[in-house]
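In the working numbering, the protein residues as written are 6 to 83.
Virtual Cβ for every residue (Gly too), placed ideally from N, Cα, C.
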Amino acid sequence: MKATIAQKAPYPITVEAGKTYYWCSCGKSKNQPFCDGSHQGSKFTPKQLVATESKTIYFCGCKNSKNGMFCDGSHNAL
Ligand code: FES
Ligand code: FES
Numbered sequence: 006m007k008a009t010i011a012q013k014a015p016y017p018i019t020v021e022a023g024k025t026y027y028w029c030s031c032g033k034s035k036n037q038p039f040c041d042g043s044h045q046g047s048k049f050t051p052k053q054l055v056a057t058e059s060k061t062i063y064f065c066g067c068k069n070s071k072n073g074m075f076c077d078g079s080h081n082a083l
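1) Pull up the CB-CB distance for TYR27 and GLN45, whole angstroms please, since I reckon it's below 8 Å.
2) Starting from the C-beta of PHE39, find all residues in its chain whose C-beta is less than 7 Å away, skip the five residues before and the five after it, and write them out in chain order.
3) Taking only runs that begin and end inside the stretch 20-74, name each unbroken beta strand (DSSP E) of 3 or more residues, in chain order.
4) If you draw a straight line from the C-alpha of THR50 to the C-alpha of ASN81, how long is it?
5) Let me know if LYS33 comes out buried or exposed under the rule of 16 or more other beta-carbons within 10 Å of its beta-carbon.
6) In its own chain, which residues sit with a C-beta less than 6 Å from the C-beta of ALA22, not counting the 5 before and 5 after it?
This is the structure:
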């Protein structure tokens, strides 16, 4: 089963140091790029990120990145 493409572009999010984030890997969350529990009943699970510094992260929205939750440009080939 393939992940759903939420959008063919990353989500730029400013994360805060020390906070925990759960990236949606299945693409079905209504709260992209984060998990809202919609993966339940599928093989997908969210990926956890504990921010070590406050900065902008480009979370993958297409769910096809080869670099996990981080956009690696793979959306350009979809
Ligand atoms: Fe997609 Fe949880 S809703 S991983
Ligand atoms: Fe998925 Fe860029 S949005 S690789």
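Answer, in terms of the structure:
1) Not a contact, Cβ separation roughly 13 Å.
2) TYR26, TYR27, TRP28, CYS29
3) With a minimum length of 3 residues, the unbroken runs of beta strand (DSSP E) contained wholly in the stretch 20-74 fall at 25-28, 52-55, 60-64.
4) 24 Å
5) buried
6) ALA56, GLU58, SER59
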